[in-house]
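S.K.: Pasting in a structure now, in structure tokens, and then I'll have a few things to ask.
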Amino acid sequence: MAKVVVLSPGTLQEDQATLLSKRLVDWLRYASLQQGLPHSSSFFSTPRARQPGPITEMDGAVATDFFTVLSTGHRFTEDQWLNVQAFSMLRAWLLHSGPEGLGTLDTDDRSEQEGSTLSVISATSSSAGRLLPPRERLREVAFEYCQRLIEQSNRRALRKGDSDLQKACLVEAVLVLDVLCRQDPSFLYRSLSCLKALHGRVRGDPASVRVLLPLARFFLSHGEAAAVDSEAVYQHLFTRIPLEQFHSPMLAFEFVQFCRDNLHLFGGHLGTLRLSFPNLFKFLAWNSPPLTSEFVALLPALVDAGTALEMLHALLDLPCLTAVLDLQLRSSPAPSERPLWDTSLRAPSCLEAFRDPKFQGLFQYLLRPKASGATERLVPLYQLLQPMAGCARVAQCAEAVPTLLQAFFSAVTQVADGALINQLALLLLGRSDSLYPAPGYAARVHSVLSSQFLALCTLKPSLVVELARDLLEFLGSVNGLHSRASLVTSVVWAVGEYLSVAYDRRCTVEQINKFFEALEALLFEVTQCRPSAALPRCPPKVVTALMTTLTKLASRSQDLIPRASLLLSKMRTLTQSPATGSMHGEHGEEGAEAICTRATELLTLLKMPSVAQFVLTPSTEVCSPRYHRDVNTALPLALRTVSRLVEREAGLLPG
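The number in this note's numbering is simply the position in the sequence shown, starting from 1, with 914 added.
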């Protein structure tokens, strides 16, 4: 199809805009009818432009109506090419033509005539159409042209290329009709019968699925006035299409764009969209690289307090969903157009598991079309599908998940109440050791979970006191500590920061003592020297976080100061051991030096309990940025004094 430059009416004078509207009418309606039909009204009517040939429909029948972009022939005249070009710019011109703009009627009282017999009769009258001003006449001719295209699309095309062109023109025709009906409601009642029939025809045709999107937008815009059951339209749209067509890249992009562009129109149907997120995630799982940015923009509209937990589980399980979708395609009858997958992958055991009735419940949960309100632990599937973890498509999806998680938490914190924040925090802890084993996936996810756990604690500091039992359970295990180092560090830091009466009056000395004992045991476990090659190397940041938090807790329950001081002294001595460098892995001596320095600083603070409490547990007033900048307050002086004391203890200053 030839392309033309679309001119904006803002760059044209009024008489030029009127002239272009007239020409569009001529090119669309009168351009080069088949041989034997009149040409007198064509804009280009000189003999030079006439090389008429036989014009047929796409099913081979001789054309008996005016020429359109779906008419076929061996040779087209200049007018016929102009017809094609005019249709390519028609919708853009309708959107921009006329000073009243889209959605504003041509007269002040047009709304009162909507649906009236008089308006329908006058609009369909050809004699009245010829008396209309150029812009209104353009709308009338555009309506007739789109009706003709819809009729032509009913014909069975002889070539696949023509069939694809029919579908593309159907999409454009429905979009043009939508614009016409928004500009002039009298077109609505003239369009409904054919569009309802078209929807009934294409909804059962997988090859015509792209036409459903503009039809759904039409009913979204005009469903109430047209008395259409829009809910049934959207249920079919969000249930069937992602389930059956997730592997079509073009449809996936258009579907997500449809959701994004029409959020302002969903209104009461927004709940249907939100509940359909498991189906929408199928598009994302299969096409994650190109659709990641689109879903980042769409997620705020999908996130709802009622489904937030289930959505977070779904995001964490997205690479596993990619693997299952691959198995679903491999196990289904071969379609006419097979989607691309990793042909180098051979996973017969995974296919057998996918067909095994014993695991059907878990697979069906992962492939569910709507939010179910419940969550399933998919650890058995992780083990079964481990051979697919190295698949290129799974790896691409795994790389996209951290970005999606950031977008999710940015959105969910806007709607989460205190109870939901607690549930989200527990979910982060619970899923930290339950992730699909794609290469590098756990480390990238843990990095996001650790930062988001701290963000949740900042949003609700009392979380540490309310979830004390769960946090103690989490800290009581060192399994997989190295892979979860960032999350463990964040939890330890949060305990030291927020387990205080300054943040929650319910905090008790008993709770502080319990956390101290748990962290003391954890520090002992991660720093003891065992000559075992299988011993995981502990990152120095975990050790320094543990020492700092233990010191903070001791400053709040001063009976613990002797134990904390003894522990810090042992840590300072331990760093002098030759085995310490290997214990901290790649950080080696640098890590040992950092631990020694931190232990020395903390020991010095504990020698002055009142100063330690002031520095390690400042009041909320002291934490205000003003106190760090105002030289007339006591905090800068206190910080300078403590710094000098610490440096003197370390032997950096003369006594």
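Don't be surprised by glycine CBs; every beta carbon is placed ideally from N, CA and C.
Could you check the C-alpha separation between TRP1407 and LEU1127 for me, to the nearest Å?
M.R.: Each residue's alpha carbon lies about 49 Å from the other.
S.K.: Counting beta carbon pairs with one atom in the region 1460 to 1473 and one in the region 1515 to 1528, are three or more of them shorter than 8 Å?
M.R.: Flag = yes, the region 1515 to 1528 and the region 1460 to 1473 touch.
S.K.: What does a CB cutoff of less than 7 Å around LEU1179 pick up in its chain, not counting 5 residues either side in sequence?
M.R.: Around LEU1179: LEU1134, SER1135.
S.K.: Spatial neighbours of GLN1425 within its chain, please: CB distance less than 6 Å, with the 5 preceding and 5 following residues excluded, ordered by chain position.
M.R.: Only ALA1382 meet the Cβ criterion.
S.K.: Please list, in chain order, all residues of the same chain as THR1453 whose beta carbon is under 6 Å from its beta carbon, the five residues on each side excluded.
M.R.: A quick correction: the sequence has Pro, not Thr, at residue 1453. Only ALA1399 meet the Cβ criterion.
S.K.: Figure out for me which residue from SER1107, ALA1352, SER1105, ASP993 has the closest Cα to the Cα of LEU1232.
M.R.: Out of SER1107, ALA1352, SER1105, ASP993, ALA1352 has the C-alpha closest to the C-alpha of LEU1232.
S.K.: According to DSSP, what are the bridge partners of THR970?
M.R.: Answer is VAL976, THR986.
S.K.: On the criterion of 16 or more Cβ atoms from any shown chain inside 10 Å, does PRO1156 qualify as buried, or is it exposed?
M.R.: Looking at its Cβ environment, which holds 16 or more other Cβ atoms inside 10 Å, PRO1156 is buried.
S.K.: Using CA coordinates, which residue listed in LEU1243, ALA1309, ALA1306 is at the minimum distance from LEU1281?
M.R.: The candidate whose alpha carbon is nearest that of LEU1281 is LEU1243.
S.K.: So, for LEU1189: in the same chain, excluding its five sequence neighbours on each side, which residues have a beta-carbon less than 6 Å away from its beta-carbon?
M.R.: Cβ neighbours of LEU1189 beyond the five flanking positions: LYS1284, ALA1285.
S.K.: Would you mind listing the beta strand (DSSP E) stretches within the region 1201 to 1284 that are 3+ residues and don't spill past its ends, in chain order?
M.R.: Counting whole runs of 3 or more residues, the region 1201 to 1284 contains no beta strand (DSSP E) stretch at all.
S.K.: Which of the three DSSP states is assigned to LEU1368 in this structure?
M.R.: Looking at LEU1368 - three-state DSSP - the assignment turns out to be helix.
S.K.: Among LEU984, ARG1554, ALA1432, whose alpha-carbon lies nearest the alpha-carbon of ARG1572?
M.R.: Outside the displayed range of the chain (915 to 1569) lies residue 1572, so it cannot be described from this structure.
S.K.: If I measure Cβ to Cβ from PRO1375 and keep anything under 6 Å in the same chain, skipping five residues before and after, which residues do I get?
M.R.: Excluding residues within five positions, the ones whose Cβ falls inside 6 Å are TYR1412, TYR1417.
S.K.: Taking C-alpha atoms, which residue in TYR1350, LEU1363, PHE1367, ALA1432 lies nearest to GLY1390?
M.R.: Selected option, being the one with the closest Cα: ALA1432.
S.K.: I need the straight-line Cα distance from VAL1147 to SER1202, nearest angstrom please.
M.R.: Looking at the two C-alpha atoms, the distance is approximately 27 Å.
S.K.: According to DSSP, is PRO1450 helix, strand or coil?
M.R.: Its pLDDT being 49, under 50, PRO1450 is placed unreliably in this model, and the coordinates cannot settle the point.
S.K.: Can you give the beta carbon distance from LEU882 to LEU1482, rounded, assuming they're within the 8 Å contact cut?
M.R.: With the chain running from 915 to 1569 in the structure shown, residue 882 is simply not present.
S.K.: Could you tell me the distance, in whole angstroms, from the CA atom of GLY1182 to the CA atom of PHE1429?
M.R.: Roughly 48 Å separates the two Cα atoms.
S.K.: Between PRO1120 and GLN1159, is the Cβ-Cβ spacing less than 9 Å?
M.R.: Against a cut-off of 9 Å, the Cβ pair of GLN1159 and PRO1120 comes out as a contact.
S.K.: Between ALA1219, GLY1185, GLN1171, which has its C-alpha nearest LEU1198's C-alpha?
M.R.: It is GLN1171.
S.K.: Can you tell which of LEU1079, LEU1008, LEU1216 has the C-alpha that lies nearest to the C-alpha of PHE1057?
M.R.: If we check each option's Cα against that of PHE1057, LEU1008 comes out closest.
S.K.: In chain order, which continuous runs of the alpha helix (DSSP H) of length 4 or greater are located wholly inside the region 1134 to 1176?
M.R.: Complete alpha helix (DSSP H) runs here, min 4: 1144 to 1159, 1163 to 1175.
S.K.: Are three or more beta carbon pairs between the region 1080 to 1088 and the region 987 to 994 nearer than 8 Å?
M.R.: Short answer: they don't touch.
S.K.: Over the uninterrupted alpha helix (DSSP H) stretch that includes TYR1059, give me the two end residues.
M.R.: First-last of the alpha helix (DSSP H) with TYR1059: 1048 to 1067.
S.K.: With respect to the alpha helix (DSSP H) encompassing SER1348, which residues constitute its N-terminal and C-terminal limits?
M.R.: Note, SER1348: premise wrong, no alpha helix (DSSP H); not H, not E.
S.K.: List the whole-angstrom C-beta distance separating VAL1315 from LEU1229, where the pair is believed to meet the contact cut-off of C-beta under 8 Å.
M.R.: That pair is a contact at about 6 Å.
S.K.: Is the number of C-beta pairs between the region 1262 to 1280 and the region 1202 to 1211 that are closer than 8 Å three or more?
M.R.: Cβ pair count under 8 Å is below three, so no.
S.K.: Please determine, among GLU1380, ALA1339, HIS1161, TYR1350, the residue with the shortest C-alpha to C-alpha distance to SER1364.
M.R.: Selected option, being the one with the closest Cα: ALA1339.
S.K.: Under the rule that 16 or more other beta-carbon atoms within 10 Å means buried, what is GLY1075, buried or exposed?
M.R.: Exposed, since its Cβ has fewer than 16 Cβ neighbours within 10 Å.
S.K.: Counting C-beta neighbours from all protein chains within 10 Å, is the total for VAL1379 16 or more, i.e. buried, or is it exposed?
M.R.: Classification for VAL1379: buried.
S.K.: Could you check what DSSP says for THR1186 in three-state terms: helix, strand or coil?
M.R.: Three-state result, THR1186: helix.
S.K.: Suppose you measure from the CA of LEU1377 to the CA of LEU1187; what does that come to, to the nearest Å?
M.R.: When rounded, the distance between both Cα atoms is 32 Å.
S.K.: Does the beta carbon of PRO1163 fall short of 8 Å from some heavy atom of the ligand MG?
M.R.: The model on display carries no ligand, and the ligand MG is accordingly not part of it.
S.K.: Do the CB positions of VAL1359 and LEU1295 come within less than 9 Å of each other?
M.R.: In this structure, LEU1295 does not lie closer than 9 Å to VAL1359 by Cβ.
S.K.: Are the CB atoms of ARG1061 and CYS1108 nearer to each other than 9 Å?
M.R.: What sits at residue 1061 in the sequence shown is Gln, not Arg. Yes, the pair counts as a contact, with Cβ atoms nearer than the cut-off.
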